[in-house]
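The sequence shown: position 107 = 635 (our numbering), numbered continuously. The structure appears right after this line, and notes come after that.
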Amino acid sequence: MTIEQARRLVTEIPGPRSKELQERKLNAVSAGVSTGLPAYIVAGQDGILLDADGNQLIDFGSGIAVTSVGNGNGRVIAAVQEQIEKLTHTCFMVNPYEPYVAVCEKLNELTPGDHPKRSALFNSGAEAVENAVKIARHYTGRDAIVAFDHAYHGRTNLTLAMTAKNMPYKNKFGPFASELYRVPMAYPYRWPGGEKACESDAFDYITDQIHAQIGEDNTAAVIIEPIQGEGGFIVPPPGFLKELAAWCKEHDILFIADEVQSGFCRTGSWFACDDEGVVPDLITTAKGIAGGMPLAAVTGRADIMDSIHPGGLGGTYGGNPVACAAALASIETMEAEGLAARATAICERLTARLNALAEIHPEVGEIRGRGAMIAMELVEDRETKKPAAALTAAINKACHARGLVTLTCGTLGNVFRFLPPLTISDELLEEGLDILADAFAEATGTKG
Ligand SMILES: *Cc1c(COP(=O)(O)O)cnc(C)c1O
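Below you can see the structure in the form of structure tokens.
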């Protein structure tokens, strides 16, 4: 299917057909599963999503950093079709197949560090994080896991214990798994005393807390998103991750990088850790790995990954052959099309335009991120930094009405995040940013 790379609105958003479908949804799907923009999508290609009413929407979300190789990527479709005709499932633990092994080889090659590595495949990011925790506890013989404020690691019970935000993720879903601790995040924009204080004090403050409240000898692992995703695209100060990884090593604590959102070319490198020269003991990946097919992985030091007894890791569907074929095709696309470099080019365009918005709108508190993982934090004023969640929601809604699929995030609900497919055209990117500017002006009543 070929979809012209242009925005086209033929009805209001959502249109009548989508509204009918949403009626059916309300009667069939749990209210707990909500929809951000209830325009029902029937097809997609690169930077465009086609809805049930024939509207063509610009995609600035990639289904939350998943379709990085573009919606409807040709290589992924061909690989899936070829694989699905041959074999859909055996369960790797019953009868193995090559694509699983090939994905693990690729992960071992591409993830940070040139030490011997092993991988294991799963279905979702949360499942990968759970397994990383299992592996870390088993290997170290320790219980405690340290995560960070603003962290997002998934929605299963164990990962919810690590995820920071109450509404909507955790509210009344407890009790949560034990021996999971959260410490403050090195969040330059909101660190008490400001950015400079964050740079000089955050590491000491955080490791002192781990020492005093948990104890290094009790700590199996520290898990961190090198750039936090759902929590607001928070980028710790340069050098923080490296210092933290070195501290972990000194205390025989495993350093786990959760790159489920930041991985696979999103930040302008294969992984966000690469930009900082950080080599994690274990790394979790999912989202962008397989062009939309469900797949996740834990990759890590061979001695850690091989310390698990046979049968200790697995699952019925983990590393499904069709998902593996999609992953190999996605990785091939990233290599062939230089998508890491493309993420950096997108970064330049995005930040230039967002900085221009910051000049005319005092509500823009900070623009941050890396590559095609850029955020804009909105505040009521720059002095108090009081989060502007209602304004964020209003702009988001105005973007949706204009046919631009935008996403928000942040523990305080006041952050816009931009995660376009890396194959989006410059024209669509610019048009999307025009729409954002327009929506911003409308929501703030500054439209001239
Ligand atoms: C999305 C996400 C997860 C959870 O992945 P699912 O596939 O939704 O289970 C875990 N960690 C991070 C950093 C994520 O962004």
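Don't be surprised by glycine CBs; every beta carbon is placed ideally from N, CA and C. Fair warning: this is a prediction, and the values are worked out from it, not measured in the lab.
By the Cβ test, the segment 570-580 is not in contact with the segment 911-929, since fewer than three Cβ pairs between them sit closer than 8 Å. Bounds of the beta strand (DSSP E) holding Val750 are 747-752.
With a threshold of 16 other beta carbon atoms within 10 Å, Ala773 meets it and is buried.
Look at the beta carbons and you see the segment 670-677 not touching the segment 644-651: under three pairs across the two are nearer than 8 Å. With fewer than 16 other CB atoms across the displayed protein chains lying within 10 angstroms of its CB, Arg552 is exposed. Here the alpha carbons of Glu959 and Pro754 stand approximately 30 Å from one another. Take the alpha-carbon of Glu707 and the one of Gly759: they are about 22 Å apart. The shortest CA-to-CA distance from Leu810 to any of Thr747, Thr639, Met529, Asn694 is the one to Thr639. For Lys815, the secondary structure class from DSSP, reduced to helix, strand or coil, is helix.
Going by C-alpha positions, Val608 is about 15 Å away from Glu626.
Classified as buried, Lys693 has 16 or more neighbouring CB atoms from the shown chains inside 10 Å of its CB. Glu787 counts as buried, since at least 16 other C-beta atoms from the protein chains shown sit within 10 angstroms of its C-beta. Between the segment 552-567 and the segment 603-618 there are fewer than three C-beta pairs closer than 8 Å, too few to call the two in contact. Less than 9 Å divides the Cβ of Gly842 from the Cβ of Met621. In the three-state scheme derived from DSSP, where H, G and I count as helix and E and B as strand, Asp966 is classed as helix.
Per DSSP, Val907 lies in no beta strand (DSSP E) segment and is marked neither H nor E. According to DSSP, Leu823 shares a beta bridge with no other residue. At a cut-off of 8 Å, the beta-carbon of Ser652 counts as near ligand 1: some heavy atom of the ligand is closer than that. Apart from sequence neighbours up to five positions away, no residue of its chain approaches Asp954 with a beta-carbon distance below 6 Å. At the C-beta level, Ile541 and Ala571 stay beyond 9 Å of one another.
The C-alpha of Met904 is placed about 13 Å away from the C-alpha of Cys875. In the three-state reduction of the DSSP assignment, Gly653 falls in the helix class. Beta-bridge partners assigned by DSSP to Tyr628: none are found. Cys793 sits in coil when the DSSP states are folded into three classes, being neither helix nor strand. No residue range can be given for Gln533, since it is assigned to no beta strand (DSSP E) and is classified by DSSP as neither H nor E. Beta-bridge annotation (DSSP): Lys645 is paired with Arg829.
The DSSP-derived three-state label of Arg870 is helix. Relative to ligand 1, Ser858 has its C-beta separated by 8 Å or more from all heavy atoms. Taking C-beta atoms as the reference points, Pro644 and Arg896 fail to come closer than 9 Å.
Under the DSSP assignment, Ile586 falls in the beta strand (DSSP E) whose first and last residues are 584-587.
The C-alpha of Gln741 is placed about 42 Å away from the C-alpha of Leu950. In this structure, the beta-carbon distance from Thr812 to Ile836 does not fall below 9 Å.
Straight across, the Cα-Cα distance linking Gly591 with Ile762 is about 20 Å. Distances from the CB of Ile592 to the heavy atoms of ligand 1 include at least one below 8 Å. With fewer than 16 other Cβ atoms inside 10 Å of its own Cβ, Ser728 counts as exposed.
Ranked by Cα distance from Met862, the options Gly575, Asp587, Val604 are led by Val604.
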